[in-house]
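Whatever position you read off the sequence shown (first residue = 1), add 10 for this note's numbering.
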Amino acid sequence: MTKVKNMMKKMLVLGEAAVGKTSLIRRFVLDRFDDKYIATIGTKTTAKVIEIPMDNELIKLKLQIWDILGQRGYSKLHKSSFRGTSGVFMVADITRKETLHSLEKYWIPKMQNIVGKIPFIILANKCDLLKKAEFSRDELKELATRYKVPFYQSSAKSGENVKQAFHTLGAYIISPKRVEPTMIAKPTIIHPRLLFGSEKGEITRLIDRIIDDFCEEYADLEDAMPIIRRQIELAELDLNNPSLEALIRVVDRLAIVEMSFKKRQDAKMDHEKRLKWIEEIKK
Numbered sequence: 011m012t013k014v015k016n017m018m019k020k021m022l023v024l025g026e027a028a029v030g031k032t033s034l035i036r037r038f039v040l041d042r043f044d045d046k047y048i049a050t051i052g053t054k055t056t057a058k059v060i061e062i063p064m065d066n067e068l069i070k071l072k073l074q075i076w077d078i079l080g081q082r083g084y085s086k087l088h089k090s091s092f093r094g095t096s097g098v099f100m101v102a103d104i105t106r107k108e109t110l111h112s113l114e115k116y117w118i119p120k121m122q123n124i125v126g127k128i129p130f131i132i133l134a135n136k137c138d139l140l141k142k143a144e145f146s147r148d149e150l151k152e153l154a155t156r157y158k159v160p161f162y163q164s165s166a167k168s169g170e171n172v173k174q175a176f177h178t179l180g181a182y183i184i185s186p187k188r189v190e191p192t193m194i195a196k197p198t199i200i201h202p203r204l205l206f207g208s209e210k211g212e213i214t215r216l217i218d219r220i221i222d223d224f225c226e227e228y229a230d231l232e233d234a235m236p237i238i239r240r241q242i243e244l245a246e247l248d249l250n251n252p253s254l255e256a257l258i259r260v261v262d263r264l265a266i267v268e269m270s271f272k273k274r275q276d277a278k279m280d281h282e283k284r285l286k287w288i289e290e291i292k293k
């Protein structure tokens, strides 16, 4: 009789904005595709159980899937989100070559610098648009070979290789015989000012600081993020093109939320602290 074993592991889906991270998760979990682009704000978690036969056991693996904001410069948020991770999808958009380069120049070093050597798989998403591809399968294979990790060309739209990729990563995470990635990428430190320009970089770094501060006060990142996402949406803060005016609205809304779980005076002090941070970059 096959022994059934229940496990739960956290995995991340990383890569630049608009490479299809959220769509890949939706296709795997709900078997549905929506080509309307909605930016992930902060982090979003989803879970699904997959079954993996292993030796004389059937592993029922609950994957806790974290969809991470695909914007650089949010270092504190990324560092908090990466903790406790067992496996990662590194996702590129096959129609944008720079998204493949960014995996090696930013996302892989970022991940390895925080959590070390953990299993990851490289996905070249949107292979339904192969005629518009800006990099070849050989280029994808070359990158994967350097890190000794699996790779797939996937499509959230058609579902091609999506289920297989998730099951492969699941097996890769739990197998005691797996081959660890042997190459640790050298961290590339990129200041937000270089990514976005002076003012936008400063605002991005400040948003990251405020999100991290609220999560620390709330004491649970996974529970805090839906609250933060809602306040950012209501305040109409565009993370791709943030403004101080919208950020002030976010800070005001977070203060109201904090009054529901903290003393009014403590929430007021947090509010004043965050407004002071905003005033500092206005100077």
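Just so you know, even glycine gets a beta-carbon here, dropped at the ideal spot from N, CA and C.
*Cβ atoms of residue 179 and residue 92: under 8 Å apart, would you say?*
Taking the C-beta atoms as reference points, residue 179 is found no nearer than 8 Å to residue 92.
*With DSSP as the reference, please indicate the residues paired to residue 19 in a beta bridge.*
Beta-bridge annotation (DSSP): residue 19 is paired with 73.
_Assuming residue 161 and residue 131 are in contact, meaning their beta carbons sit under 8 Å apart, how far apart are those beta carbons, in whole angstroms?_
With a Cβ gap of about 7 Å, residue 161 and residue 131 count as contacting.
*Distance, Cα to Cα, residue 60 vs residue 175?*
Taking the straight line from one Cα to the other gives about 12 Å.
*Can you tell me which of 136, 246, 152, 68 puts its alpha carbon nearest to the alpha carbon of residue 16?*
Closest option to residue 16, Cα to Cα, is 68.
_Helix, strand or coil, according to DSSP, for residue 251 in the structure here?_
If DSSP states are grouped into helix, strand and coil, residue 251 belongs with coil.
*asked:* Can you check which of these residues, 38, 96, 28, 245, is closest to residue 257 by C-alpha distance?
replied: Nearest option by C-alpha distance: 245.
*Under 8 Å by Cβ, that's how I've got residue 291 and residue 216 pegged, so tell me the actual separation to the nearest angstrom.*
Their Cβ separation, rounded to whole angstroms, is 6 Å, which keeps residue 291 and residue 216 in contact under 8 Å.
*Which residues in the same chain as residue 36 place their Cβ atom closer than 8 Å to its Cβ, once the five residues preceding and following it in sequence are excluded?*
42, 43, 44, 166, listed in sequence order.
*Around the Cβ of residue 251, are there at least 16 other Cβ atoms within 10 angstroms (buried) or fewer (exposed)?*
Exposed, since its Cβ has fewer than 16 Cβ neighbours within 10 Å.
*For residue 18, count neighbouring Cβ atoms within 10 angstroms of its own Cβ and tell me buried if that reaches 16, exposed if not.*
With fewer than 16 Cβ atoms within 10 Å of its Cβ, residue 18 is classed as exposed.
*Just how far apart, CA to CA, sit residue 309 and residue 96?*
Residue numbering for the chain in the displayed model covers 11 to 293; residue 309 lies beyond these limits and cannot be assessed.
*Is the Cβ-Cβ distance between residue 213 and residue 254 less than 8 Å?*
Contact: yes.
*Rounded to whole angstroms, how far is the Cβ of residue 23 from the Cβ of residue 104, which I believe are closer than 8 Å?*
With a Cβ gap of about 16 Å, residue 23 and residue 104 do not count as contacting.
*Looking only at C-alpha atoms, which of 151, 229, 218, 110 sits nearest to residue 84?*
The shortest C-alpha separation from residue 84 is found at 218.
*asked:* Suppose you measure from the CA of residue 287 to the CA of residue 158; what does that come to, to the nearest Å?
replied: Taken atom to atom, the span from the alpha-carbon of residue 287 to that of residue 158 is near 44 Å.
*With 8 Å as the threshold, decide whether the Cβ of residue 158 is near any Cβ in chain C.*
No chain C is part of this structure, which consists of one protein chain only.
*Any idea if residue 225 is buried or exposed, counting beta-carbon neighbours within 10 angstroms, 16 or more meaning buried?*
Residue 225 sits buried, since 16 or more C-beta atoms from the chains shown fall within 10 Å of its C-beta.
*Could you pull out every unbroken beta strand (DSSP E) segment of at least 3 residues lying fully inside the segment 84-142, listed in chain order?*
Residue ranges of uninterrupted beta strand (DSSP E) with 3 or more members, entirely inside the segment 84-142 and ordered along the chain, are 97-103, 130-135.
*Could you tell me how far apart the beta carbons of residue 30 and residue 115 are, in whole angstroms, since I believe they sit closer than 8 Å?*
Incorrect: roughly 20 Å between the Cβ atoms, too far for contact.
*Distance, residue 21 Cα to residue 275 Cα*: Rounded to the nearest angstrom, the gap between the Cα atoms of residue 275 and residue 21 is 38 Å.
_Neighbourhood of residue 58 by C-beta distance below 6 Å, restricted to the same chain and skipping five residues each side_ = Sequence-distant partners of residue 58 (beyond 5 residues in either direction) whose C-beta falls short of 6 Å from its own C-beta, in its chain, are 39, 73.
*Please name the residue in 283, 270, 151 whose C-alpha comes closest to that of residue 237.*
Nearest in C-alpha terms to residue 237, of all of 283, 270, 151, is 270.
*Hey, out of 163, 150, 148, whose CA is closest to residue 139's CA?*
Comparing Cα-Cα distances from residue 139 to each of 163, 150, 148, the minimum goes to 163.
*Of the residues 171, 80, 28, which one's Cα is nearest the Cα of residue 53?*
The residue among 171, 80, 28 with its C-alpha nearest the C-alpha of residue 53 is 80.
_According to DSSP, is residue 163 part of a helix, a strand, or is it coil?_
In this structure, residue 163 counts as strand in the three-state DSSP scheme.
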